[in-house]
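Residue 1 is where the sequence shown starts when you use my numbering, and the numbers rise one by one after that.
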Amino acid sequence: MNAAVRLGDWQALGGAALAIRERVFVREQGVPVELEQDAEDQRCLHALAELAGQTVATGRLTTDGHIGRVAVLREARGRGIGGQILEALVAEARRRGLTEALLNAQLHALPFYERHGFVAYGPVFDDAGIPHRAMRRRLD
Ligand code: COA
């Protein structure tokens, strides 16, 4: 069963997006709660995925083509929903005429992003205590 993906601004989707981030990044991964909301959120396009009436995933696209805060509730993983969120944000970046989509991937999630055409570059770096690598996908 495919999830339904919605796109919108922070005012419309921020409450539900934060609830997902808090469960995944804060409670599950131990990221400090104050890092889960920033000034960028007001300017981003946000995505939510709903399955059987429940919001189960989120992600965001910055104005300069960075995808981030991609999170799927644990019980909803492995069903392609993270991929749906990612592709919806990539499609929006392409619609805006951007030539590439960028993201910083947690190392464990590299294979997930590679499956969607992202290529890692540069060294491993730390963000909120979690090792990351930069990745990009050309859109033209
Ligand atoms: N490590 C390696 N591979 C992973 C992975 C992980 N942590 N998470 C997912 N994958 C792979 C799976 O092997 C699966 O491949 P398969 O279908 O061939 O078995 C595929 O990616 C799953 O794709 P999909 O179902 O679209 O992904 P998802 O809905 O499970 O979401 C994440 C993937 C990474 C977004 C999700 O696991 C998540 O929210 N994790 C916690 C938060 C996080 O780390 N976010 C990424 C921040 S950069």
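Every residue gets a Cβ at the ideal spot worked out from N, C-alpha and C, and that includes glycine.
State buried or exposed for residue i, treating a residue as buried only when at least 16 other CB atoms are found within 10 Å of its CB.
{"i": "E100", "result": "exposed"}
{"i": "V119", "result": "exposed"}
{"i": "E36", "result": "buried"}
{"i": "A12", "result": "exposed"}
What separation, rounded to the nearest whole angstrom, lies between the Cα atoms of residue i and residue j?
{"i": "F125", "j": "V33", "result": "20 Å"}
{"i": "R115", "j": "R79", "result": "14 Å"}
{"i": "A49", "j": "R133", "result": "25 Å"}
{"i": "A20", "j": "D140", "result": "The sequence shown places Ile at residue 20, rather than the Ala named in the question. Spanning the two alpha carbons is a distance of roughly 32 Å."}
Between residue i and residue j, is the Cβ-Cβ spacing less than 8 Å?
{"i": "T58", "j": "H46", "result": "yes"}
{"i": "R69", "j": "R60", "result": "yes"}
{"i": "A71", "j": "V24", "result": "yes"}
Pull up the DSSP beta-bridge partners for residue i, would you.
{"i": "G8", "result": "H46"}
{"i": "R21", "result": "In DSSP, R21 forms no bridge with anything."}
**Report entry** Continuous beta strand (DSSP E) assignments of at least 3 residues falling wholly in the segment 48-134
**Finding:** 54-61, 66-72, 100-106 and 119-127
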